[in-house]
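Everything in the sequence shown is counted per the numbering used here, starting at 48 for the first residue and increasing by one. Ideal Cβ positions, reconstructed from N, Cα and C, are used throughout, including at glycine. Working notes for the structure below.
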Amino acid sequence: MALPDFARVIHTYERVSTPLGRWLSEQQRNELGARLQTKAEQLHPRIMVYGNYNAGKSTLLNALMGRADAKMADRPETAAVTEYRWGNYTLLDTPGIDAPIEHEEVAENQLHNSEVVLFVVAAGGATDEAKTWERLVDIVASERRVMLIVNNKAGITVGDRDYVGITDRLRIHLQRAASERGIENILDKVPVQWVNARSALKGRLEDKAPLIGASGILDLEEALGDFLEQSDTGTIFAACRKDLVVAIEQANLRLVQAGNDRQAEALTKAKLQIENERSRLTACLNDHLDRDCRSAKQAIVSLITSVAEGQVRGDTNQAMEEGAADVVQSLGDKLMRTLEYELPKTQQSLGEIGEKLAESTLRHADAMLNADLDAPQDAGESILSPAIKDALKKVPMGNVKDMTEQGVKAALELGKEFLPKLFKGIGPKTMGRWASTAGRWAGPLVQVGVALYDIYQAIRTENAEKAAQARRTKAIDDSASSFVHDLRQAYQFQITLVVEQVFKPMDEWIDAQSQALVQQDKAAENDRILFEQALIELRPQD
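Rendered as structure tokens:
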């Protein structure tokens, strides 16, 4: 999930402002611009970075910004809260929890104006101090959205015993502090994100993608985007983006209509219908995938639980690997069945769209090319230039039935080839490859199960306590969510490839027709290109 970016919307509006004024009324264009600008100026969401001295707050700020602007020191040099612009957002670097009282008061004043608080602690740092957790819970009680950031200075491997143990201890502190304040469900209200801030900063300053990916900074930014999407900022941003998209689509439609070209209008209508079918198919496949991933997550939770509780006999690693492989295989089989059910619907829909467009093209070409060529010159010139007439003779009509069948056949072959074997071969030899190419996979999954078994064997007498059960449940849920998240991304990529194969023949045909109908009016053509580029830029980013 990308961060809501008002600057992107304003930039896109500025690019299309002139053509919008040509195809809409200037009043419509100006009112839209004023409305967008007002919202952008009013909404500069503030993200406060808070925590202990030397936890890595300034390093995290620099890593997010990709530049070393914030001073990194063990002790603060000023009581002031330092502001940094980060796109359309303001990042606040604050005095620490253990700052002098006058410093703390400065941070308190800024807290009320912050939409999100990133509460930074260092893995292995001063995380046992009650004041730290009391302060965090105070912020939650003030209705601020809080994310607990564990700065992984020691380079602990995500998923190993130390990682699970530290995360569990942090949640114990959270539960205790929240219980004293009467706050329930604190583990759901305060997500935990691990990041190696120094590695993230180094990766961004030196443009090293592997270092950035391994640091956890991208996961943090994705989680932060989810936070902001659910806030007032996210709602207002979505409305502004939609207003601009609607205006561009209206202007584009008027551009087509003004050309007095019925075939261009028919082509635009066909494109819209094809895009609607593309969106329907993609949404349907992703909806099925989401549902199946929820089932897969429950299966993984049960698998880890059985290992954590010592219910698995024999080789626990092998049991975990085989169980994970079964879940992956089941997910692939379900997606393949969905493809076999949904693709014939798409084939029929594309066939109907293509046949109507082909009929329209033939009628239009026949009327234009067989017009009375002996008409006197003062009767006015044809609406088509000689170049367009010549192009119409070469319009590739094609066989719509063959094209749609070709696309669906290629998509099914792609699915049958890749989906069943996408993640086969789960075992010790492949875990290293997974760790380097697909993120947190079976290796960490096995480690979490074994680590939890060790931890909860040590506190077996506490199993009846609600707090211990909640921590174990949360740790298992985190691991299952991480596994299924990566699995879902991989299958989503395959869905993208399949959908591309389905629509490729029809897209190529439509593009060929579009090229044959290019208007002589360069200004109108440039406007159309600008509108299409703007609509692409305004698409929601995953």
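On the DSSP bridge assignment, give the partners of residue i in chain order.
i, result
"Val239", "Leu195"
"Thr137", "Arg93, Arg132"
"Leu459", "According to DSSP, which records beta bridges pairwise, Leu459 is partnered with nothing at all."
Are residue i and residue j close, meaning C-beta to C-beta below 8 angstroms?
i, j, result
"Leu221", "Val197", "no"
"Val531", "Lys381", "no"
"Leu291", "Arg575", "no"
"Ile259", "Ile523", "no"
"Val128", "Leu111", "no"
"Ala117", "Tyr131", "yes"
"Leu332", "Glu389", "yes"
"Ala581", "Val63", "yes"
"Arg535", "Leu336", "yes"
"Val163", "Ile94", "yes"
"Tyr136", "Pro92", "yes"
"Tyr538", "Leu378", "yes"
"Leu79", "Gln297", "no"
"Val184", "Arg245", "no"
"Gly263", "Asn243", "yes"
For a test of the three-state rule: what should DSSP assign to residue i, helix, strand or coil?
i, result
"Val359", "coil"
"Leu165", "strand"
"Gly80", "helix"
"Gly103", "coil"
"Gly98", "strand"
"Asp116", "coil"
"Ala201", "coil"
"Asn573", "helix"
"Gly171", "coil"
"Ile230", "coil"
"Leu336", "helix"
"Lys403", "helix"
"Arg586", "coil"
"Lys513", "helix"
"Asp419", "Low confidence applies to Asp419: its pLDDT is 32, below 50, so where it sits in the model is not reliable, and the reading given next is rough at best. In the structure shown, Asp419 sits in coil (DSSP, three-state: anything other than H, G, I, E or B)."
"Ile144", "coil"
"Asn109", "helix"
"Glu268", "helix"
"Lys178", "helix"
"Ser72", "coil"
"Asn160", "coil"
"Ala127", "coil"
"Asp533", "helix"
"Lys255", "coil"
"Glu190", "coil"
"Gly11", "What the structure shows of the chain is the stretch from 48 to 589, and residue 11 is not part of that stretch, so it cannot be assessed."
"Gly250", "helix"
"Asp558", "helix"
"Gly379", "helix"
"Asp215", "helix"
"Gly427", "In this prediction, Gly427 scores a pLDDT of 39, lower than 50, which makes its location untrustworthy; no coordinate-derived value is stated."
"Asp52", "coil"
"Asn364", "helix"
"Gly593", "Since the first residue of the chain shown is 48 and the last is 589, residue 593 is not available in this structure."
Please look up how many angstroms separate the CB atoms of residue i and residue j, rounded, as I've assumed it's under 8 angstroms.
i, j, result
"Leu404", "Ala311", "Contact flag wrong, Cβ pair sits at about 12 angstroms."
"Val633", "Thr393", "The chain is shown only over 48 to 589; residue 633 falls outside these bounds and no answer can be derived."
"Ile321", "Leu397", "7 angstroms"
"Trp241", "Asn199", "5 angstroms"
"Arg191", "Leu158", "7 angstroms"
"Leu90", "Arg288", "Wrong, their Cβ atoms sit about 13 angstroms apart, outside the cutoff."
"Ile57", "Ala87", "5 angstroms"
"Arg519", "Ala355", "7 angstroms"
"Phe166", "Val205", "Rounded, the Cβ-Cβ distance is 19 angstroms, inconsistent with contact."
"Thr214", "Val239", "6 angstroms"
"Leu67", "Ala294", "6 angstroms"
"Met553", "Gly401", "6 angstroms"
"Asn109", "Leu248", "5 angstroms"
"Thr179", "Asn101", "Not a contact, Cβ separation roughly 13 angstroms."
Less than 7 angstroms separating the Cβ of residue i from some heavy atom of the ligand ATP?
i, result
"Arg76", "Judged by which ligands are present, the structure shown has none, so any question about the ligand ATP falls away."
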